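A short worksheet on the structure shown next.
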Ligand code: FES
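Residue numbers (the working numbering): 3 to 336.
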């Protein structure tokens, strides 16, 4: 098993032959910076000083040609072919409260949420704890590479991890999940990962913004907050955006939580201009958040998850309204 050594320190860890340099560091308890885990964000870049690696994804957008020429690689995509020496700055905030574990899981249940979102319920072989809002990498039979999806439930004793997933048109992974995987079949699961988890010790109100599969982590965070004695008496505003009314979902899930309607408030938004008979908000989630909460946002913890364009619009809105970055939580891998 290769050993990865950090240049200029005593730090080293082992990386299984089929693991990556970043994920193995997190499993060993080190704070290797990351975000998406799928080669997109570039947060896991490191300098490869000695040794050889294989890249899981050769075209990963998180690494520029210039980075590559300088000897930089992506920790989430780098599988060592032998011992390596690397250079990067470990950061304590990336140390996992519950280190990620690789295992297999069986599909135990499926239910429809909308015309293109389903909840898939997997039962893991062994219990692993996670924080509300975190995600896992799912390895689906017949699909090359793992995909990141967030859990919708909260940690539990039944080994169940639930995922609310939107079907991507022509998407290989969601196609296999929606059309191929049957109850009782197995996938691989690696997790938990992610920094956009519920900050239980914060005393601020919460605003959640979601679209598409971003429903899942926002539901998890709202479930955890509603069950937390520390959160009693505070307010959660949950904004869900879709193109048309048939994309809108989440209210029936949230309405089962204690405090729905008094502490937990749901705000659906549709962006299509020709939606007849729609009585909810119109526009985009970030616009509705800005118009409803411009005076409160800077005093809230803000969580969001959804498609990239939605995430970019939300980030810009939050910067424009002066929301401190340490109160904003997202893992942009959608
Ligand atoms: Fe590796 Fe995003 S590119 S964590």
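Glycine residues also receive a C-beta, built at the ideal position from the N, C-alpha and C atoms.
Predicted model, so just to flag it, every value in this text is computed and none were measured.
Asked	Found
Look at residue 109 and residue 132 and say whether their C-beta atoms are less than 8 Å apart.	no
Suppose you measure from the CA of residue 120 to the CA of residue 112; what does that come to, to the nearest Å?	7 Å
What's the call for residue 264, buried or exposed, on a 16-neighbour Cβ count within 10 Å?	exposed
At a cut-off of 7 Å, is residue 215 close to ligand 1 when judged by its beta-carbon and the heavy atoms of the ligand?	no
With a CB to CB cut of under 7 Å and the five nearest residues on each side skipped, what residues in its chain are close to residue 116?	248, 249, 251
Is it true that the CB of residue 102 sits closer than 8 Å to the CB of residue 28?	yes
Run the proximity test for residue 193: is its beta-carbon closer than 7 Å to any non-hydrogen atom belonging to ligand 1?	no
Excluding five sequence neighbours on each side, which residues of the same chain lie with their C-beta closer than 7 Å to the C-beta of residue 24?	34, 36, 46, 77, 78
Can you have a look at residue 26 and say buried or exposed, based on whether 16 or more other CB atoms are within 10 angstroms of its CB?	buried
Comparing C-alpha positions only, which one of 168, 141, 334, 72 sits nearest to residue 105?	141
If you check the beta carbons only, do residue 266 and residue 223 fall under 8 Å apart?	no
Could you check if residue 321 is buried or exposed, using at least 16 other CB atoms within 10 Å of its CB as the buried criterion?	exposed
Could you give the first and the last residue of the continuous beta strand (DSSP E) run that contains residue 278?	First-last for residue 278: undefined, no H or E at that position.
Spatial neighbours of residue 228 within its chain, please: C-beta separation below 7 Å, excluding the five flanking residues on both sides.	259, 260, 261, 266
Pop quiz: residue 307 and residue 216 are said to be a contact at Cβ under 8 Å. What is the actual Cβ separation, rounded to whole angstroms?	3 Å
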